[in-house]
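In terms of our numbering, the sequence shown has 245 at position 229, counting the first letter as 1, and numbering is strictly consecutive. Even for Gly, the Cβ is constructed at its ideal location relative to N, Cα and C. Just so we're clear, the structure is a prediction, and the values are computed from it rather than from any experiment.
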Amino acid sequence: MTVDSQKETLEFQTEVKQLLQLMIHSLYSNKEIFLRELISNASDACDKLRFVALSNDTLYDGDTDLRIRVDFDKDARTITVTDTGIGMTRDDVVDNIGTIAKSGTRQFFESLTGDQAQDSQLIGQFGVGFYSAFIVADKVTLTTRRAGLGAEHGVRWSSAGDGEFTLETVEKERRGTEVVLHLREGEDEFLESFRLKSIIHKYSDHIPLSIEMLGTAEEGKEAEYEAVNKASALWTRPRSEVSDEEYREFYKHVAHDFEDPMKWVHSHVEGNQSYKTLFYIPSRAPFDLYDRDSRHGIKLYVRRVFIMDDAEQLMPYYMRFVRGLVDSDDLPLNVSREILQHNKLIDTIRSGSIKKVLGLLESMAKDEPDLYKDFWKQFGKVLKEGPGEDFANRERIAGLLRFSTTETDSEEQTVSLDDYIARMKEGQDAIYYVTADSFAAAKNSPHLQIFRRKGIEVLLLSDRVDEWLVSHLTEYKDKKLASVAKGELDLDRLADEEEKKKAEATRGEYADLVKRMQEVLKERVNTVRVSQRLTDSPSCLVMGEHDMAVHMQQMLKQAGHEVPVSKPDLEINPSHPLVSRLKDESDDARFSSWSNVLLDQAMLSEGGQLEDPVAFVNRLNDLLQEMTK
17 MTVDSQKETL
27 EFQTEVKQLL
37 QLMIHSLYSN
47 KEIFLRELIS
57 NASDACDKLR
67 FVALSNDTLY
77 DGDTDLRIRV
87 DFDKDARTIT
97 VTDTGIGMTR
107 DDVVDNIGTI
117 AKSGTRQFFE
127 SLTGDQAQDS
137 QLIGQFGVGF
147 YSAFIVADKV
157 TLTTRRAGLG
167 AEHGVRWSSA
177 GDGEFTLETV
187 EKERRGTEVV
197 LHLREGEDEF
207 LESFRLKSII
217 HKYSDHIPLS
227 IEMLGTAEEG
237 KEAEYEAVNK
247 ASALWTRPRS
257 EVSDEEYREF
267 YKHVAHDFED
277 PMKWVHSHVE
287 GNQSYKTLFY
297 IPSRAPFDLY
307 DRDSRHGIKL
317 YVRRVFIMDD
327 AEQLMPYYMR
337 FVRGLVDSDD
347 LPLNVSREIL
357 QHNKLIDTIR
367 SGSIKKVLGL
377 LESMAKDEPD
387 LYKDFWKQFG
397 KVLKEGPGED
407 FANRERIAGL
417 LRFSTTETDS
427 EEQTVSLDDY
437 IARMKEGQDA
447 IYYVTADSFA
457 AAKNSPHLQI
467 FRRKGIEVLL
477 LSDRVDEWLV
487 SHLTEYKDKK
497 LASVAKGELD
507 LDRLADEEEK
517 KKAEATRGEY
527 ADLVKRMQEV
537 LKERVNTVRV
547 SQRLTDSPSC
557 LVMGEHDMAV
567 HMQQMLKQAG
577 HEVPVSKPDL
587 EINPSHPLVS
597 RLKDESDDAR
607 FSSWSNVLLD
617 QAMLSEGGQL
627 EDPVAFVNRL
637 NDLLQEMTK
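Right, dumping it as structure tokens:
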């Protein structure tokens, strides 16, 4: 059948141009990774075909041989990587190669559930890994055909990496993808069989697919293709037989990461259910770690057959940084996402997987504290989501959390709750904390004044997730977590009898002032009272025990959310000169102005915004002018 070539020239997306330059120059010292990336992409394509064919074996078209071949031609100065995987359509090629953040794998499961937001996957960042070919090649040609389509639906893509590419329709007899690299001058080292084989051994031995190269021709016979990798699933081997280097290289394959992992844990579970797990902690957080729609993480295999990527049922969302796989001996090969949601075996695997990762983190925290510091810098905010998502493991997760405190006065989060408890004062029965929208605001909160004076340590919480955390983590090891900025403060256990008597006398002395301020501010505050918290500031706001912090209310309002209105309490410091002067103020207008100024100042120090900032400025100016007369 004749083919309309439909040849056209297109420009790369701007981000692709930038990436090409970045990869060519920054990765040049490790040129050989181009072959690893191309083989990984080929492996993903074969995995996808094997899975899709479980429900539609006509896609094989009578050819069930899944393999990868690597060829080279010294005369033409080319390297060719060929796979018999699922292949691509013309649109797939444009989306995958011309654009970043889209790939055939990302769209893959859309056809299964129809829910793009939930099921769009990223088995491999094909578009990113593919570009590594330009590290050693000045021209790359890709020819592909989607499984299930006729030979006339072949597509050829070609580019010199200079900002544009050509695309044409061609005939291709066999499904799958062929990538031809035309090597740059000076890259002849890759035109040697032993060099290519050594790269495959180094990076791709673990791929459970045959990677073939032409062997040496015997006299009177043509050379035949032979497997050059072990083609054994690394995770099925005993831990003692797998080297650290093999683990690292497998991570780079499964996670499509250029860096070594931070840590990993490999386990074989036998018994009523039999399954294997291999989990990695990356060294660096991905750019889309906080993107709720991003999908990457745990691969699911059944008896070494790839089933699906990002099986979210196997790992909770607060562990989305974990990479790796689960291989079950007991699940059916035709398992679907719907089946996973209602499968008791999956619940068992999930529970066991969570415990494995938590155990890994606990051992890091205990035995490798410096490494755990690195982990916390990258993934600490994500782990803080855990107590709200995983009630069963809340205590273990809490033990892994790290915080800034008034003890360290450093923005670096290094203090565990166990460290805090070990330093608690005699008679102290609560773990105290303060939340704010920045570390500086937390550190300088007026609510801390009495605690600093008494030497009581307070957690300084300034991450956005912290309000969520403390709303779900209400206690740890029988110690209640208490906000220093919410509810009435009970420090009686830490006060001597003389302090208690003095506080009681002060409350009586200022009772009339409190009553008078309450009347003036009744529309803006719930109540006014003498403070136990303040030593330097004249006033502060106190929210109800179950109310949202002021800075959090402000953040939600800015995001367009409706926030329930709740009046704060105003606490005043009787030892502050402004409050003492107000006590004797006879002019009602001046009294009202000072009362409102004290309230507005307290609001600002909490990170809130004034409803009428002009009125605040006018009041303050009037009072200052009077003081200068």
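Starting from residue i, trace the beta strand (DSSP E) in both directions and tell me its first and last residue.
| i | result |
| --- | --- |
| Leu495 | A small fix is needed here, since residue 495 is Lys in this sequence, not Leu. Lys495 to Ser499 is the span of the beta strand (DSSP E), which, as asked, contains Lys495. |
| Ser487 | Per DSSP, Ser487 belongs to no beta strand (DSSP E); it is in the alpha helix (DSSP H), Asp482 to His488. |
| Glu180 | Glu180 to Val186 |
| Met324 | Val321 to Met324 |
| Glu587 | Asp585 to Ile588 |
| Arg161 | Ala153 to Arg161 |
| Phe295 | Tyr291 to Ile297 |
| Glu647 | This structure gives no information on residue 647, because the portion of the chain shown stretches from 17 to 645. |
Report the three-state DSSP secondary structure of residue i (helix, strand or coil).
| i | result |
| --- | --- |
| Ile223 | coil |
| Ser432 | coil |
| Asp604 | helix |
| Ile116 | With a pLDDT of 49 at Ile116, under the threshold of 50, the modelled position of this residue cannot be trusted, and the question is left open. |
| Lys246 | coil |
| Val270 | helix |
| Glu24 | strand |
| Glu228 | strand |
| Ser256 | helix |
| Gly170 | strand |
| Ala327 | coil |
| Thr74 | helix |
| Leu614 | helix |
| Leu626 | coil |
| Thr94 | strand |
| Ile314 | strand |
| Glu265 | helix |
| Glu513 | helix |
| Ser522 | In the sequence as presented, Ser is not what sits at residue 522; that position holds Thr. It is helical. |
| Thr543 | strand |
What first and last residue would you give for the alpha helix (DSSP H) that runs through residue i?
| i | result |
| --- | --- |
| Tyr388 | Pro385 to Leu399 |
| Tyr147 | That residue, Tyr147, is in no alpha helix (DSSP H); it is neither H nor E in DSSP. |
| Ala61 | Ile49 to Val68 |
| Lys470 | Gln465 to Lys470 |
| Val630 | Pro629 to Thr644 |
| Glu535 | Ala527 to Val536 |
| Val595 | Pro593 to Lys599 |
| Arg412 | Arg410 to Leu416 |
| Gly404 | Gly402 to Glu405 |
| Lys441 | It is not in any alpha helix (DSSP H) - Lys441 carries neither H nor E in the DSSP assignment. |
| Lys279 | No alpha helix (DSSP H) holds Lys279; the beta strand (DSSP E) holding it covers Lys279 to Val285. |
| Phe419 | Unbroken run through Phe419: none, as it is neither H nor E. |
| Phe455 | Phe455 to Lys459 |
Are the beta-carbon atoms of residue i and residue j separated by less than 8 angstroms?
| i | j | result |
| --- | --- | --- |
| His380 | Phe391 | One point to set straight first is that residue 380 is Met, not His, in the sequence displayed. It is a contact, given that the beta carbons lie within the stated cut-off. |
| Tyr267 | Tyr241 | no |
| Ala58 | Thr193 | yes |
| Lys502 | Asp445 | no |
| Val86 | Leu212 | yes |
| Ser299 | Met331 | no |
| Met559 | Val544 | no |
| Ile223 | Val244 | no |
| Asp325 | Tyr291 | no |
| Ile323 | Phe146 | no |
| Tyr219 | Arg52 | yes |
| Leu550 | Pro629 | no |
| Leu197 | Ile95 | yes |
| Val110 | Leu54 | no |
| Thr232 | Thr25 | no |
| Asn612 | Pro584 | no |
Between residue i and residue j, which are expected to be in contact by the criterion C-beta below 8 angstroms, what is the C-beta distance as a whole number of angstroms?
| i | j | result |
| --- | --- | --- |
| Ala61 | Ile102 | 5 angstroms |
| Leu505 | Gln548 | 5 angstroms |
| Leu476 | Ser553 | Leu476 to Ser553, Cβ: 17 angstroms. No contact. |
| Arg9 | Thr252 | Residue 9 lies beyond the range of the chain shown here (17 to 645); nothing can be said about it. |
| Glu168 | Gln22 | About 11 angstroms separates the two Cβ atoms, so there is no contact after all. |
| Ser499 | Val536 | At roughly 27 angstroms, the Cβ-Cβ gap does not stay under 8 angstroms, so Ser499 and Val536 are not in contact. |
| Lys441 | Ile472 | 6 angstroms |
| Leu225 | Ala163 | Their Cβ separation, rounded to whole angstroms, is 16 angstroms, which puts Leu225 and Ala163 out of contact at 8 angstroms. |
TODO: May I ask you to verify whether the segment 82–102 touches the segment 208–220, counting CB pairs closer than 8 angstroms and requiring at least 3?
DONE: Contact check between the segment 82–102 and the segment 208–220: three or more CB pairs, one atom from each, fall below 8 angstroms, which counts as touching.
Open item on the list: Three Cβ pairs or more, each shorter than 8 angstroms: is that satisfied between the segment 150–157 and the segment 173–192?
Closed with: Taking one beta carbon from each stretch, the segment 150–157 and the segment 173–192 have 3 or more pairs nearer than 8 angstroms; the two touch.
Task: Contact between the segment 428–436 and the segment 364–374 (3+ Cβ pairs under 8 angstroms) - done: no
Task: Given 8 angstroms, three or more beta-carbon pairs between the segment 478–487 and the segment 393–409 - done: yes
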